[in-house]
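Residue numbers (this note's numbering), protein chains in the order written: chain S, 1 to 233; chain D, 1 to 437. Think of the CB as a built atom: it goes at the ideal place given N, C-alpha and C, for glycine as much as any other residue.
Structure follows, in structure tokens:
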């Protein structure tokens, strides 16, 4: 489903070169719940951005759903993001002027779905996260945990191949974080693949697989090494 | 997606009302200034008689001083002498022809309580009404016989008829001018040529005259003439008749020539006429006659004032400055939306999607600015009207075309202003923005 092989990424300015990823290899299979941990600056967010097609890479190969993404143009990358990837961010990234219904509607608009289908998907995904009765609320009228649930609903509405979550509980207290993690576990059990970057080792342990990244490389493999080989490209 | 973009634009405008208002105000100021000057220029240079402007010709004969042209480099006089005007009329070599000049007289209303008032009159021939086709409310122009005999007849403007007869059909009634009774033979409907091209010497943008009377009355009643009378030599003798027969110019002459052959024939006639006059000791300058159709004549007379054109270019530059301000404000606005833009990129919006979304927002700001600009333009025109009064009668008005131009100009301007900020906004790397929210 998601295969990276020897992917490198270097950020360059006029005077400085920073290697964010080097020879980064990883395979994520359908139904996985992968936690990615590592210290700040280790490259885990860069990995997530490349995996989410938000960032290009310099070398190596990245196949998404069996297709190389290396030379795709902006339109094709946008379509892939829209149809195959759902994002969950640490700071929720909800649009403050739009109510919950319209926030969840955002990715569907770019899918060019008709009104009835969009409505059905939005209602269903808000139902999954337990906020179906608050569709007309603005994000500011919700707690942090509820806002993250809306973000999850937005990610789910497009029925993506997998979810990419960047510190999804980083802005939440422990109770809300636990609630969001439980929701992610439920979503994973229902069949959605999840790749989650986190600092919280306890949460990482709740994932099916745990990858550690240091200096842009995968340094510690899955606890289920028998199931997954990171270099199986 | 267009309506979705419109909705997002509206929400975005509401989100930053102060910034949005500033942008609209900047565009409104620029559009207001541009539209005010554009309106003046547009109406000054508009074709006042589109159906006939290529068939109506203004006649110029070079009867001027042998030692210097009327105007450099070698321009013939812009009006005719009385003698030439009457001679050309009597020759009747064109399909229609009318000499004319402006005069003035006091009209004394018969109805008690109404005060006498000074009326501007056009002394002309009856072909005037066929040449320029003013709309008649009642009656018609006078007869050939009235032209020849100088009968005391008058065609009233609607305004004058309203003043004297409360708008009733006054054909057959008489009015008193110069202690004489003039029979009303016709009443015009509303009629305002913009510009009043048939006589630009007395103000191309003045109101139309209060009434129209036979040209012959200039001679028989010794009616005064308005406008400049220019002479290159003194009259040969004393008295009004000597003045009329002098080389002083104060008369316009228009003919209708329906095609190129007719124009050619009439020019040949004019040349022959001048040659004949040379035999009589007149026209000391080389042959230099002109026939100018309506638009050529307006160009020749520089009806669109140079100052108005300069003001228009200055207003366009002001609009440019306003747009540059708008560019800055839009940059600020769009950069403040970088989080939303990054989010939209992440969930599947292409750069093109975001470009269109923000162009729609720019256009909506342009519509708001355009509406404000039209209000400012209207206020500007009212100001010009109050400054110049009758001199710009009918000019300082926004018509539907100008309103449409104003809106289109505002939208195009705002799209231009929005192009760069939109491009910048779409280039924001989404990854960095999503992490920093």
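Contacting residues, own chain, Cβ-Cβ under 6 Å from residue i (five flanking each side not counted)
i: residue 175 of chain S; result: none
i: residue 235 of chain D; result: 242, 243 and 246
i: residue 77 of chain D; result: 64, 70 and 249
i: residue 193 of chain D; result: 48
i: residue 12 of chain D; result: 361
Cα-Cα separation, residue i to residue j
i: residue 98 of chain D; j: residue 70 of chain D; result: 23 Å
i: residue 169 of chain D; j: residue 205 of chain D; result: 28 Å
i: residue 101 of chain D; j: residue 401 of chain D; result: 33 Å
i: residue 1 of chain D; j: residue 356 of chain D; result: 9 Å
i: residue 368 of chain D; j: residue 124 of chain S; result: 39 Å
i: residue 279 of chain D; j: residue 144 of chain D; result: 31 Å
i: residue 149 of chain D; j: residue 74 of chain D; result: 38 Å
i: residue 130 of chain S; j: residue 322 of chain D; result: 50 Å
i: residue 178 of chain S; j: residue 132 of chain S; result: 21 Å
i: residue 231 of chain S; j: residue 165 of chain S; result: Here the model assigns residue 231 of chain S a pLDDT of 38, short of 50, so the residue's position is not dependable, and the following value carries that caveat. Distance between the alpha carbons of residue 231 of chain S and residue 165 of chain S: 22 Å.
i: residue 253 of chain D; j: residue 366 of chain D; result: 48 Å
i: residue 336 of chain D; j: residue 23 of chain D; result: 15 Å
i: residue 190 of chain S; j: residue 10 of chain D; result: 39 Å
i: residue 157 of chain D; j: residue 175 of chain D; result: 13 Å
i: residue 131 of chain D; j: residue 378 of chain D; result: 34 Å
i: residue 397 of chain D; j: residue 224 of chain D; result: 33 Å
i: residue 116 of chain S; j: residue 18 of chain S; result: 48 Å
i: residue 95 of chain S; j: residue 180 of chain S; result: 20 Å
i: residue 202 of chain D; j: residue 208 of chain D; result: 11 Å
i: residue 118 of chain S; j: residue 184 of chain S; result: 22 Å
i: residue 462 of chain D; j: residue 387 of chain D; result: Residue 462 of chain D lies beyond the range of chain D shown here (1 to 437); nothing can be said about it.
i: residue 93 of chain S; j: residue 3 of chain S; result: 27 Å
i: residue 225 of chain S; j: residue 120 of chain S; result: Low confidence applies here, because residue 225 of chain S scores a pLDDT of 43, under 50, leaving its location unreliable and the question unanswered by this model.
Contacting residues, own chain, Cβ-Cβ under 7 Å from residue i (five flanking each side not counted)
i: residue 325 of chain D; result: 26
i: residue 186 of chain D; result: 136, 138, 139, 140, 141, 155 and 171
i: residue 428 of chain D; result: 338, 341 and 342
i: residue 1 of chain S; result: 28, 29, 30, 65, 161, 162 and 193
Nearest to residue i (by Cα), restricted to the options the options
i: residue 83 of chain D; options: D:295, D:126 and D:243; result: D:243
i: residue 214 of chain S; options: S:133, S:24 and S:4; result: S:24
i: residue 103 of chain D; options: D:426, D:95, D:28 and D:227; result: D:227
i: residue 160 of chain D; options: D:211, D:270 and D:28; result: D:211
i: residue 55 of chain D; options: D:235, D:67, D:292 and D:357; result: D:292
i: residue 181 of chain D; options: D:419, D:105 and D:143; result: D:105
i: residue 56 of chain S; options: S:137, S:7, S:170 and S:168; result: S:7
i: residue 179 of chain D; options: D:109, D:233, D:150 and D:294; result: D:109
i: residue 168 of chain S; options: S:202, S:151 and S:162; result: S:151
i: residue 239 of chain D; options: D:367, D:222, D:229 and D:39; result: D:222
i: residue 328 of chain D; options: D:425, D:151, D:397 and D:79; result: D:425
i: residue 186 of chain S; options: S:163, S:16 and S:199; result: S:163
i: residue 313 of chain D; options: D:33, D:60 and D:8; result: D:33
i: residue 62 of chain D; options: D:431, D:14, D:286 and D:201; result: D:286
i: residue 67 of chain D; options: D:289, D:158 and D:283; result: D:283
i: residue 48 of chain S; options: S:134, S:181 and S:90; result: S:90
i: residue 349 of chain D; options: S:200, S:59 and S:80; result: S:80
i: residue 58 of chain D; options: D:381, D:432 and D:257; result: D:257
i: residue 37 of chain D; options: D:331, D:420 and D:304; result: D:304
i: residue 351 of chain D; options: S:42, S:77 and S:36; result: S:77
i: residue 115 of chain D; options: D:384, D:164 and D:421; result: D:164
i: residue 431 of chain D; options: S:197, S:63 and S:45; result: S:45
i: residue 319 of chain D; options: D:237, D:302 and D:413; result: D:413
i: residue 107 of chain S; options: D:266, D:200 and D:354; result: D:354
Listed by chain order, chain S residues near residue i by CB distance under 8 Å
i: residue 4 of chain D; result: 109
i: residue 11 of chain D; result: 97 and 98
Contacts that residue i makes with chain D (C-beta to C-beta distance below 7 Å)
i: residue 55 of chain S; result: 431
i: residue 87 of chain S; result: 346 and 347
i: residue 114 of chain S; result: Going along chain D, no residue has its Cβ under 7 Å from residue 114 of chain S, so there is no contact; the nearest lies around 13 Å.
i: residue 118 of chain S; result: Ordered by position in chain D, no residue passes the 7 Å Cβ test against residue 118 of chain S, which lies about 11 Å from the chain.
Sequence-distant residues of its chain with Cβ nearer than 8 Å to residue i (five each side left out)
i: residue 434 of chain D; result: 339, 342, 343 and 346
i: residue 125 of chain D; result: 89, 97, 98, 99, 100, 147, 214 and 215
Partner residues on chain S for residue i, Cβ-Cβ distance less than 9 Å
i: residue 352 of chain D; result: 74, 75 and 78
i: residue 361 of chain D; result: None at all; the shortest Cβ gap to chain S is about 13 Å.
Contacts that residue i makes with chain S (C-beta to C-beta distance below 7 Å)
i: residue 434 of chain D; result: 89 and 93
i: residue 15 of chain D; result: 97
Where residue i meets chain D, residues with beta-carbon distance less than 9 Å
i: residue 71 of chain S; result: Those do not exist, as residue 71 of chain S stays about 16 Å from chain D at its closest Cβ, beyond 9 Å.
Worksheet item: Is the segment 106 to 123 of chain D touching the segment 86 to 97 of chain D in the sense that three or more CB pairs, one from each, lie closer than 8 Å?
Response: no
Item to complete: Please determine if the segment 368 to 377 of chain D and the segment 16 to 33 of chain D are in contact, where contact requires at least 3 C-beta pairs separated by less than 8 Å.
Response: yes
Worksheet item: Can we say the segment 358 to 365 of chain D touches the segment 95 to 108 of chain S, given the rule of at least three CB pairs closer than 8 Å?
Response: no
Practice prompt. Kindly confirm or deny that the segment 286 to 302 of chain D and the segment 39 to 50 of chain D touch, where touching means at least three C-beta pairs closer than 8 Å.
Written response: yes
Worksheet item: How about the segment 154 to 167 of chain S and the segment 81 to 89 of chain S: do they share at least three Cβ pairs that are nearer than 8 Å?
Response: yes
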